[in-house]
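Below is one structure; the comments refer to it alone.
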Amino acid sequence: MVFWGASWISTKVLTTYVNEYELVFLRMGICFITMFPIIYFYKLSFKFDFKSFLLILVASVVLTFYSIVMFLGVEHGTGSFGGALVTTLIPINTFIIIAIINQKSISLKHSFALILGAFGVLNMLNIWNFNLNEIFSKDNIYFLIASILWPILTIITAKATKINAMVFTFYTYIISSFTLYLFFVDNTLFTKIINFDSIFWFNIFVITILSTTFATSIYFIGASKLGAKEVSSYIFLVPASALIIGAIFLGEKITYNIVIGTIFTIIAIYILNNLNIFKLFRKN
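Residue numbers (full-length UniProt numbering): 1 to 284.
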């Protein structure tokens with residue numbers, strides 16, 4: 001979870017080196033290469049049926065857009081704020097989207113949690129200053145879009161029940177990186193990155209090997225050993241990690257609004273986690 005939080009800060013650093021398409025291409029390309037030995041070691045099947053293939057294609061598009069929007073949000077705003085806002089909004093938005101899809105009524109307890117989460121998000125956006133230019137700034141809009149795209153990606157992945165989640169992700173990285181290289185990245189990128197300093201390569205290492213290949217693999221292993229609900233509770237550490245690391249290494253300001261908003265949204269997520277709505281989704 002700490003590495004997931006750190007990836008937002010590293011992305012902020014990398015925005016000064018490459019554009020959004022180049023960074024997403026490098027991240028996904030390195031990730032699928034380093035994920036291969038892990039999948040092979042655990043003897044996971046690379047096979048997939050036609051339905052899984054279609055879901056992989058759709059997920060690849062959504063993942064690419066999410067990564068680009070996340071980059072643009074961090075480029076215009078701060079990594080710590082993005083890491084706090086998006087990671088707390090994702091489970092709330094996921095709950096709402098799945099409830100709508102399944103046409104399930106929301107109980108009073110969960111309605112209270114959603115209101116609490118909304119209050120937290122409004123605090124993080126500092127809506128109380130009534131400055132529309134700040135509330136609807138580029139970074140806020142990009143982060144809000146990212147917080148909707150990731151739940152959609154999560155739901156698509158949940159529907160792919162005949163393929164391992166890690167293998168599913170592996171294929172989305174391959175398709176996404178190939179598409180980006182084909183249409184948005186040229187060969188000059190490779191000659192350019194050779195001359196980059198150690199700061200660039202360290203942060204590339206953080207967002208690929210540490211936060212994706214290692215951390216995501218540990219998350220999947222933990223989910224299989226402890227259960228998805230127990231492991232998901234550790235995600236509460238992501239926003240705190242992003243805020244603290246951003247403050248230490250980039251000097252990003254942590255405001256009272258962000259801290260209070262993060263606490264309220266974490267409480268809301270805790271309440272929502274008591275309803276395993278994914279079971280209802282899979283039954284359909």
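No residue lacks a Cβ here, since even glycine has one placed at the ideal position from N, Cα and C. This one's a predicted model, so the numbers in the text were calculated from it and none came from an experiment.
- Counted as a single uninterrupted DSSP element, the alpha helix (DSSP H) harbouring T179 occupies residues 165–183.
- Counting along the chain, F81 sits inside the alpha helix (DSSP H) bounded by residues 79–101.
- Residue environment: K12 is assigned as buried (16 or more neighbouring CB atoms within 10 Å of its CB, all protein chains considered).
- Under the three-state reduction of DSSP, M124 is assigned to helix.
- In this structure, L210 sits away from V24, with a CB-CB distance that is not shorter than 8 Å.
- Residue range 50–76 is occupied by the alpha helix (DSSP H) that includes A59.
- A distance below 7 Å between beta-carbons, with the five flanking residues on each side excluded, links L116 to the following residues of its chain, in chain order: F264, I267, A268.
- Using a Cβ distance threshold of 8 Å, Y66 and W150 count as a contacting pair.
- Around S105, the same chain offers no residue with a beta carbon nearer than 7 Å, after the five sequence neighbours per side are excluded.
- Taking 8 Å as the upper bound for CB-CB distance, S176 and S10 are not in contact here, some 19 Å apart.
- Between the beta-carbon of A247 and that of S80 there is about 7 Å, and that keeps the pair under the 8 Å contact cut.
- If you compare the alpha carbons of M166, G261, K253 with that of Y40, the shortest gap goes to M166.
- Looking only at L63, F202, N133, the smallest Cα-Cα distance to I145 is reached by L63.
- In this structure, the straight-line span from the alpha carbon of V238 to that of M1 is close to 5 Å.
- Inter-residue distance for R27 and I245 is about 20 Å (C-alpha atoms, whole angstroms).
- Judged by beta-carbon spacing, Y173 lies within the 8 Å limit of F32, meaning their Cβ atoms are closer than that value.
- With respect to G83, A215 sits apart: the two C-beta atoms are not nearer than 8 Å.
- When the Cα atoms are used, T157 and F168 turn out to be separated by approximately 7 Å.
- Using a Cβ distance threshold of 8 Å, Y21 and V185 count as a contacting pair.
- By a beta-carbon distance limit of 8 Å, L55 does not contact F200. Their separation comes to about 34 Å.
- Rounded to whole angstroms, the gap between the alpha carbons of E75 and V86 is 15 Å.
- For A158, the uninterrupted alpha helix (DSSP H) segment begins and ends at 138–159.
- Collapsing the DSSP output to three states places I106 in coil.
- G261 is positioned such that its CB atom lies closer than 8 Å to that of N123.
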